[in-house]
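Novice: Per my numbering: the sequence shown = residues 79 to 503.
Yeah, the Cβ is synthetic: ideal placement off N, Cα and C, and Gly gets one too.
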Amino acid sequence: MAFSTWTLTSGSCTAALRALLGSTALHRRVYVCMVEIHASYPSCWHVVEYMNYPTDLSHRAQLGHRNSEEFQRRLQSLTGESAPGDGEPVDKMDITFENVRFCYVDDKAIIRSMSMTISQGQLVAITGPPGIGCRTVTRLLAGELLPHSGTLFVPPHLRVLRVEIQPNLWDGPLALTVFFGLLATNQRTRMEDYRNLQGAEIERGLRICRRLNIPEDLVRMIRDDASGSDAGMVSVGLRSCESDESFHKDVRAEELNNHKIVSSVPASVRTKIQIACALICDPPVLVLDKPLQFLAIDDATRVMECLREYVDNSGLERSEDHRHGRRPRTCIFTSSSAMFLAAADAVLTIGEDGAVKPTLETEKLVGETEKLIHDKEEGILRAKQQHISGWFESPLSGRRTISMRLPRSPQTPNDRSLPEECQSI
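(1) Looking at C-beta atoms only, is the number of pairs between the stretch 370-382 and the stretch 162-179 that lie closer than 8 Å three or more?
(2) Considering only residues of the same chain and omitting the five flanking positions on each side of SER467, which have a CB-CB separation below 7 Å?
(3) Could you tell me the alpha carbon to alpha carbon distance between SER155 and MET417, rounded to whole angstroms?
(4) Would you kindly work out how many angstroms separate the C-alpha atoms of ALA97 and HIS105, rounded to a whole number?
(5) Could you tell me the boundaries of the alpha helix (DSSP H) in which ASP295 lies?
(6) CB-CB under 7 Å to LEU153, same chain, minus the five flanking residues each way: which ones, in chain order?
(7) Do ILE188 and VAL178 have their beta-carbon atoms positioned less than 8 Å apart in this structure?
(8) For PHE149, does the three-state DSSP call read helix, strand or coil?
(9) Can you give me the Cβ contacts of THR87 inside the same chain, cut-off strictly under 8 Å, excluding the 5 residues immediately before and after it?
(10) From the DSSP output, read off the bridge partner residues of PHE231.
(11) For LYS170 and SER197, I'd like the C-alpha separation in whole angstroms.
(12) Do ARG298 and ILE280 have their C-beta atoms within less than 8 Å of each other?
(13) With distances taken between CB atoms, is the gap from ALA356 to PRO245 smaller than 8 Å?
(14) Assess contact between the stretch 386-399 and the stretch 256-266, defined as three or more Cβ pairs (one per stretch) separated by less than 8 Å. Is contact present?
(15) Give me the Cα-Cα distance between VAL367 and HIS402, rounded to the nearest whole angstrom.
(16) Can you list, in chain order, the stretches of the beta strand (DSSP E) that have 3 or more residues and sit fully within the stretch 342-408?
(17) According to DSSP, what are the bridge partners of ALA203?
(18) Between which two residues does the beta strand (DSSP E) harbouring THR133 extend?
(19) What does GLU242 pair with, by DSSP beta-bridge criteria?
(20) Can you check whether the CB of SER414 is closer than 8 Å to the CB of THR157?
(21) Do ILE351 and THR255 have their C-beta atoms within less than 8 Å of each other?
(22) Report yes if the C-beta distance between ILE243 and PRO369 is below 8 Å; otherwise report no.
(23) Would you mind working out which of LEU373, THR349, GLU398, ARG404 sits nearest PRO362, comparing C-alpha positions?
(24) Assuming THR408 and GLY199 are in contact, meaning their beta carbons sit under 8 Å apart, how far apart are those beta carbons, in whole angstroms?
(25) Between GLU395 and the rest of its own chain, which residues show a CB-CB distance below 6 Å, the 5 nearest in sequence each way excluded?
(26) Count the other C-beta atoms from every protein chain shown that fall within 10 angstroms of the C-beta of ILE384, then say buried if there are 16 or more, exposed otherwise.
(27) Going by DSSP, which residues form a beta bridge with ARG179?
(28) Considering only residues of the same chain and omitting the five flanking positions on each side of VAL347, which have a CB-CB separation below 8 Å?
(29) Expressed to the nearest angstrom, what Euclidean distance is found between the alpha-carbon atoms of ALA331 and GLY250?
(30) Can you tell me the Cβ-Cβ gap for PRO233 and PHE175, rounded? I've got them flagged as a contact below 8 Å.
(31) I'd like to check one pair, VAL365 with THR216: are the Cβ atoms closer than 8 Å?
(32) Taking C-beta to C-beta, are PHE258 and ASN145 nearer than 8 Å?
(33) Is DSSP giving ALA416 helix, strand or coil here?
(34) Pull up the CB-CB distance for ALA422 and LEU201, whole angstroms please, since I reckon it's below 8 Å.
(35) The beta strand (DSSP E) with ILE196 in it runs from where to where?
(36) Alpha carbon to alpha carbon, what distance is there between ARG107 and THR412?
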């Protein structure tokens, strides 16, 4: 075996070590990049997977074509039956569900064989036990979801606005939040467009806010901000500035001010602001999903009075002299409170089988709804009682004893006394 010998100078050794150190740093950077790519791979894969999911465009086009044909057929029928002075035939077209079926996953139908009719110009309540599908019905009405089978007909000339109460508001100016629906309806989508509203539009919006009992301080902020006054505490910072740097400082300061104000607004006021935005928008069909759940009795009563006027007067805070010249307004809301169900023109109750019961007298429907909800609540109470009793009897509970009383909600109009065994544990 032959060995080769060679000599290395100190300078060459130092240069070789420096090259090794440099390559080590380069390899470390490459390794870090590979780790980051590997960490981001699942997220990128989800994005690619979601982007390649099948779309519902063909289904929507098919339903839209079928809807147009049904519209023409009904229009011809109503035109032949209408007499002079009866109004526009399109205002008499009903919103109909015929054997509608819908399921989310696993082919388990949430809505099955649903058939119901909603007439224009009515205040309609949809109710039923929790988890029965009332929210799904509102999403079907708004076109967010498409039925898997059956026929859902909404006259194509009707603009449907669905409002689902959100726990938070946008951290921008309140005036833009309140008048957003009105601006979108008029295709004014730039942020500064809310400062160019007409005086009559602003005054009507402020009257609606006061009707809903929104605090006067917030109403003044909305007024000052919408009118472009610097006295308003809430503004988007679009005033003229001497330089870009001062402009961005102004925006950041006022965005922080907006965040502080919006985050300090109670949940009940946030709910009323969202309802005010919908009523200012003034759509032909307004669908509200549980609009009263965060409100006290007095505020909920005010909301129902506004919805009643919105339907009867074809718009809230509109001139009664021109009511007959406006298209009818339809309001559909979900609720489980018997007090507010009785204020509706029609009550549609979704049963345990997912089908809507025939429209009967309001009092009878309210009684049936109360029974369904009461049975559901009793089952939940029994389950909670068994769970808590099992916890106290488990070895982990030791010898501790706790005495507590389940609170009764002061906002429930028809509150029932809890069973004696649930009063104290």
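Specialist: For this structure:
(1) no
(2) Residue mapping note: residue 467 aligns to position 389 of the sequence shown, counting from 1. Because SER467 sits at a pLDDT of 44, beneath the cut-off of 50, its placement in the model cannot be relied upon, and the point is left open.
(3) By one-based count along the sequence shown, residue 155 stands at place 77. By one-based count along the sequence shown, residue 417 stands at place 339. Going from the Cα of SER155 to the Cα of MET417 covers about 38 Å.
(4) Within the sequence shown, the letter at position 19 stands for residue 97. Within the sequence shown, the letter at position 27 stands for residue 105. Cα to Cα, the separation comes out at about 12 Å.
(5) To locate residue 295, count along the sequence shown from 1; it is residue 217. Counting along the chain, the alpha helix (DSSP H) containing ASP295 begins and ends at 294-304.
(6) On the sequence shown, residue 153 is found 75 positions in, with the first residue counted as 1. Excluding positions up to five away in sequence, the list reads PRO167, VAL168.
(7) By 1-based counting over the sequence shown, the position of residue 178 is 100. By 1-based counting over the sequence shown, the position of residue 188 is 110. In this structure, ILE188 does not lie closer than 8 Å to VAL178 by Cβ.
(8) In the sequence shown, the residue the question calls residue 149 occupies position 71. PHE149: helix per DSSP, three-state reduction.
(9) Here the question's residue 87 lines up with position 9 in the sequence shown. So the list is empty, once near-sequence residues are dropped.
(10) For the purposes of this step, residue 231 is taken as the residue at position 153 of the sequence shown. Per DSSP, THR174.
(11) Numbered from its first residue, the sequence shown carries residue 170 at position 92. Numbered from its first residue, the sequence shown carries residue 197 at position 119. For LYS170 and SER197, the distance between alpha carbons rounds to 7 Å.
(12) Position 220 of the sequence shown, counted from the start, is the residue given in the question as residue 298. Position 202 of the sequence shown, counted from the start, is the residue given in the question as residue 280. Result no, Cβ atoms of ARG298 and ILE280 do not sit closer than 8 Å.
(13) If you number the sequence shown from 1, residue 356 lands on position 278. If you number the sequence shown from 1, residue 245 lands on position 167. No, these two residues do not count as a Cβ contact at 8 Å.
(14) no
(15) In the sequence shown, counting from the first residue as 1, residue 367 sits at position 289. In the sequence shown, counting from the first residue as 1, residue 402 sits at position 324. Sequence inspection shows Asp at residue 367; the Val mentioned does not correspond to that position. If I take the Cα positions, the gap works out to 29 Å.
(16) 363-367
(17) Within the sequence shown, numbered from 1, the residue matching residue 203 stands at position 125. Note: ALA203 sits in a beta bridge opposite PHE411, VAL425.
(18) Working through the sequence shown from its first residue, we reach residue 133 at position 55. Looking at the DSSP string, THR133 is not in any beta strand (DSSP E), and its letter there is neither H nor E.
(19) Looking up residue 242 in the sequence shown gives position 164. DSSP lists ASP367 as partners of GLU242.
(20) As a first step, residue 157 is located in the sequence shown; it is residue number 79 there, counting from the start. As a first step, residue 414 is located in the sequence shown; it is residue number 336 there, counting from the start. No, the pair does not count as a contact, with Cβ atoms beyond the cut-off.
(21) The sequence position of residue 351 within the sequence shown is 273, counting from 1. The sequence position of residue 255 within the sequence shown is 177, counting from 1. Yes, they are a contact pair.
(22) Here residue 243 corresponds to residue number 165 of the sequence shown, with the count starting at 1. Here residue 369 corresponds to residue number 291 of the sequence shown, with the count starting at 1. For ILE243 and PRO369, yes; Cβs fall inside 8 Å.
(23) In the sequence shown, counting from the first residue as 1, residue 362 sits at position 284. The shortest Cα separation from PRO362 among LEU373, THR349, GLU398, ARG404 belongs to ARG404.
(24) Start at 1 with the first residue of the sequence shown, and residue 408 comes out as number 330. Start at 1 with the first residue of the sequence shown, and residue 199 comes out as number 121. Sure, about 6 Å apart at Cβ, within 8 Å.
(25) Taking the sequence shown and counting its residues from 1, one reaches residue 395 at position 317. So the qualifying residues of the chain are ARG282, ARG285, ILE286.
(26) Reading the sequence shown from its first residue, position 306 is the one you call residue 384. Rather than Ile, the amino acid found at residue 384 in this sequence is Cys. Buried, by the Cβ-count rule.
(27) For the purposes of this step, residue 179 is taken as residue 101 along the sequence shown, with counting starting at 1. BP columns for ARG179 point to SER227.
(28) Here residue 347 refers to the residue found at position 269 of the sequence shown. Only ILE292, PRO293, LEU296 meet the Cβ criterion.
(29) Taking the first residue of the sequence shown as position 1, residue 331 is located at position 253. Taking the first residue of the sequence shown as position 1, residue 250 is located at position 172. Low local confidence applies: a pLDDT of 46 at ALA331 is under 50, so the model's placement there is unreliable, and no value is given.
(30) To locate residue 233, count along the sequence shown from 1; it is residue 155. To locate residue 175, count along the sequence shown from 1; it is residue 97. Incorrect: roughly 14 Å between the Cβ atoms, too far for contact.
(31) Numbered from 1 along the sequence shown, position 138 holds the residue referred to as residue 216. Numbered from 1 along the sequence shown, position 287 holds the residue referred to as residue 365. Contact flag set, yes.
(32) Position 180 of the sequence shown holds residue 258. Position 67 of the sequence shown holds residue 145. No, Cβ-Cβ distance for PHE258 and ASN145 is not below 8 Å.
(33) Position 338 of the sequence shown, counting from 1, holds the residue named residue 416. Helix, per DSSP.
(34) The sequence position of residue 422 within the sequence shown is 344, counting from 1. The sequence position of residue 201 within the sequence shown is 123, counting from 1. About 5 Å; that satisfies the 8 Å criterion.
(35) Looking up residue 196 in the sequence shown gives position 118. 187-196 is the extent of the beta strand (DSSP E) around ILE196.
(36) Here residue 412 corresponds to residue number 334 of the sequence shown, with the count starting at 1. Here residue 107 corresponds to residue number 29 of the sequence shown, with the count starting at 1. One C-alpha to the other measures close to 57 Å.
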